[in-house]
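See below for the structure under consideration.
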Amino acid sequence: MSKQADSFEVSEKMAELTAATEVRGEDKRTPIFPIALGAPRVSARVIPELTCGQRVRVEALLHEATGADYLDKEVTVCGWAKTCRKQGGGRSFIELNDGSCVRNLQVVVDRGCLSEEVGAQVAKAGVAYSFRIRGRLVRSPKDEQTYEMQVCDSEKHSVRVLGGADQAKYPLAKKNHSKEYLREIQHLRPRSYMMGCVMRVRSALAMAIHEFFQSRGYVYVHTPIITGADCEGAGEMFQVTTMMPESGLIKDIPATKDGKIDYKKDFFGKLANLTVSGQLNLENFACSLGDTYTFGPTFRAENSHTSRHLAEFWMIEPEMAFAELEDIMECSEAFLRFCVQYILDRHAGDIAWLEKNVEEGLSARLKNVAESHFARCSYTEAIELLKQQPEGKFGDDRIFWGMDMGSVHERFLSEEHFKKPVIVYNYPYELKAFYMKVNTDVGVAPGATVRAMDVLVPAIGEVIGGSQREENLELLDKQIADKGLPQDNYWWYRELRSYGTVPHAGFGLGFERLVMMVTGVENIRDVIPFPRYPGNCEF
-10 MSKQADSFEV SEKMAELTAA TEVRGEDKRT PIFPIALGAP RVSARVIPEL
40 TCGQRVRVEA LLHEATGADY LDKEVTVCGW AKTCRKQGGG RSFIELNDGS
90 CVRNLQVVVD RGCLSEEVGA QVAKAGVAYS FRIRGRLVRS PKDEQTYEMQ
140 VCDSEKHSVR VLGGADQAKY PLAKKNHSKE YLREIQHLRP RSYMMGCVMR
190 VRSALAMAIH EFFQSRGYVY VHTPIITGAD CEGAGEMFQV TTMMPESGLI
240 KDIPATKDGK IDYKKDFFGK LANLTVSGQL NLENFACSLG DTYTFGPTFR
290 AENSHTSRHL AEFWMIEPEM AFAELEDIME CSEAFLRFCV QYILDRHAGD
340 IAWLEKNVEE GLSARLKNVA ESHFARCSYT EAIELLKQQP EGKFGDDRIF
390 WGMDMGSVHE RFLSEEHFKK PVIVYNYPYE LKAFYMKVNT DVGVAPGATV
440 RAMDVLVPAI GEVIGGSQRE ENLELLDKQI ADKGLPQDNY WWYRELRSYG
490 TVPHAGFGLG FERLVMMVTG VENIRDVIPF PRYPGNCEF
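Quick note on the numbering used here: the sequence shown kicks off at -10 and runs consecutively.
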């Protein structure tokens, strides 16, 4: 990370982004879903000021809306030193950060007003030292920062060194670190500027999700993490068992007469797994409560080492009764636009830092998502668009109806052709899961499509996948059989269709994909606190 980034000034960028978010383009299309449910505007962010122990957050001191309230007053701050330097005349300059924002508070300490012991501690302090400081907030003589803190009164001001750090051993003492290096020290990487920005945005996005659905009357359902159902039918699931013997010997695992593992003697009396999706469970509640959603961890045992896959990740999954494909297309668009605008309105400083250090043009790309009406095209139309491109455009890929589009195809559609988010719908039946409703009245037929949709966004590709569910039991049974799945495993899911079945639909969104989209970070391992992937389960 550059020295310039260390002293990154975000005031102008914050002002620019804040001003931009005050101007909204008039909505020319009447959105069925959001208006009908009274879609709220993104509420203004309240800057939290005091914390436990009556310390004031650095963000509150540096923010234009609250900093003036503390001007020429004594305040207490706590944090970690990003830089420490001594200057002639017995002064020390500490760049203090407490994690509340990307910006640092400069603290100018006159060591002469401190005790000899504390003055010596401050003089030798370095990066990662932690402090509790009481001083006076004043206007900074430097143009690049509005306020700074001065410690210059032996009666009113104080400095307490809470913890030191050996500068020769501290892994982050140097300024520049690669993302790969930071992944090796996951317990310390939250102290990096990038991880701090990403985690604040991630936290805000989690709140945006709840605000979006709660303000629209959805019921938040905690779906189970341990499950006996496989939503995708893929079988790539982590098993949950207590049958591993203390001896560690395979021969001591309970077995049936034909030599298979006897799951009847396991904890749950049957094979159990970690969930890959809460969708099937959520449908139970949607068919009673109406509009529902779940937001929680999911797990996939894919032996995949890519920048887009994790073994443990979080999913947002709304499920709506009395809804069809058009409804979830409207909902998914409103949801994404809301979440992006939420971050632009509330975390301009973090977005400005990410734009400078991670993705150039990030704020413009996010505004494009927040302010655009998403394009729509059928899968068939999308394939025709791909076929029209010059040979070799997509490498050796052969473009044909029935193919599963990859990231390169998805990004072409959203980035180059439509130049904004696009919803692709009506996918081939063979590509999708057993529960999706077929676009015919007689069920599966050659060339059949299902009422499914994917939302593709520039720089990422697919971020949302959803469908209208098959509510007809007879047709659902045919699809379960056609996919080669055991019908008995879904007896409860099938029974929903026997008692007051209704059209219903929903979609799923990988939370980490959303964080990647909003921050511009390209590797999914860098947007989750502790990534889990094949061969790695530290901490």
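Virtual Cβ for every residue (Gly too), placed ideally from N, Cα, C.
On a CA-only basis, which of CYS102, ARG365, PHE401 is nearest ILE412? Give me that one, please. ARG365
Going by DSSP, which residues form a beta bridge with ARG365? Residue pairing from DSSP places ARG365 in a beta bridge opposite ILE412.
By alpha-carbon positions, which one of GLY267, CYS320, TYR414 ends up nearest to ARG205? CYS320
Contact check, PRO307 vs TYR414 under 8 Å by CB: the rounded distance? Between TYR414 and PRO307 the Cβ distance is about 17 Å, and since that is not below 8 Å, they are no contact.
Cβ separation of LEU271 and THR281, assumed to be a contact under 8 Å, to the nearest whole Å: 6 Å
If you drop the 5 nearest sequence neighbours on each side, which residues of the same chain put their C-beta closer than 6 Å to that of GLY79? Counting only Cβ-Cβ distances below 6 Å, and skipping sequence neighbours, we find ARG100, GLY101.
Throw me the rounded Cβ distance for the HIS493 and CYS186 pair, which I believe falls under 8 Å. HIS493 to CYS186, Cβ: 38 Å. No contact.
Taking Cβ positions, are ALA157 and TYR331 nearer each other than 8 Å? no
Give me the DSSP bridge partner(s) of PHE284. ILE305
Can you tell me the Cβ-Cβ gap for ALA112 and LYS75, rounded? I've got them flagged as a contact below 8 Å. At roughly 6 Å, the Cβ-Cβ gap stays under 8 Å, so ALA112 and LYS75 are in contact.
Beta carbon of CYS73, beta carbon of TYR136: below 8 Å? no
Is there contact between the stretch 118 to 127 and the stretch 59 to 67, where contact requires at least three CB pairs shorter than 8 Å? yes
Rounded to whole angstroms, how far is the Cβ of VAL504 from the Cβ of VAL190, which I believe are closer than 8 Å? 7 Å
Label ALA49 either buried or exposed according to how many other C-beta atoms from any shown protein chain fall within 10 Å of its C-beta, with 16 as the threshold for buried. buried
Which listed residue (GLU53, GLU315, ALA261) has its alpha carbon closest to that of ILE215: ALA261
Less than 8 Å between the C-beta atoms of MET304 and GLY495, yes or no? Contact flag unset, no.
With 16 as the cutoff for other CB atoms within 10 Å, does PRO179 come out buried or exposed? exposed
Once the 5 residues before and after ILE242 are set aside, which same chain residues still bring their CB inside 8 Å of it? Only MET232, MET233, PRO234, ILE250 meet the Cβ criterion.
Let me know the secondary structure DSSP gives TYR136 once reduced to three states. strand
Taking C-beta to C-beta, are ALA448 and GLU404 nearer than 8 Å? Yes, they are a contact pair.
ILE340 and LEU351 look like a contact to me (Cβ under 8 Å); what is the Cβ gap, rounded to whole Å? The Cβ separation is near 6 Å, so the contact holds.
Would the beta-carbon of GLU301 fall within 8 Å of that of ARG521? yes
Quick one: grab the DSSP three-state call for SER167. Note: SER167 maps to coil in three-state DSSP.
Go ahead and label LYS426 buried or exposed: buried means 16 or more other beta carbons lie within 10 angstroms of its beta carbon, across all protein chains shown. Buried.
Taking only runs of the alpha helix (DSSP H) that begin and end inside the stretch 463 to 517, which ones reach a length of at least 4 residues, in chain order? 480 to 484, 500 to 508
Can you give me the Cβ contacts of THR429 inside the same chain, cut-off strictly under 7 Å, excluding the 5 residues immediately before and after it? Scanning its chain for C-beta atoms nearer than 7 Å, with the 5 sequence neighbours on each side dropped, one finds around THR429 the residues ALA437, in chain order.
Which of helix, strand or coil DSSP assigns to PRO417: strand
Report the partner residues of ASP99 according to the DSSP bridge assignment. Paired residue(s): ARG80.
Using 8 Å for Cβ pairs, my map puts ASP255 next to THR287. What's the rounded Cβ distance? 22 Å between Cβ atoms; not a contact.
Three-state class that DSSP yields for ASP339 in the structure shown: helix
Distance between TRP342 and TRP390 (C-alpha atoms, nearest Å): 43 Å
So which of MET506, PRO213, PRO523, TYR424 has the shortest CA-CA distance to GLU348? MET506
So, at 7 Å on beta carbons, what are the nonlocal neighbours of LEU278 in its own chain, with the 5 sequence-adjacent residues on each side left out? VAL208
What would DSSP say about ASN346, mapped onto helix, strand or coil? helix
Report the three-state DSSP secondary structure of ARG191 (helix, strand or coil). helix
ILE540 versus ILE372: straight-line alpha-carbon distance, rounded: Outside the displayed span of the chain (-10 to 528) sits residue 540, for which this structure offers no information.
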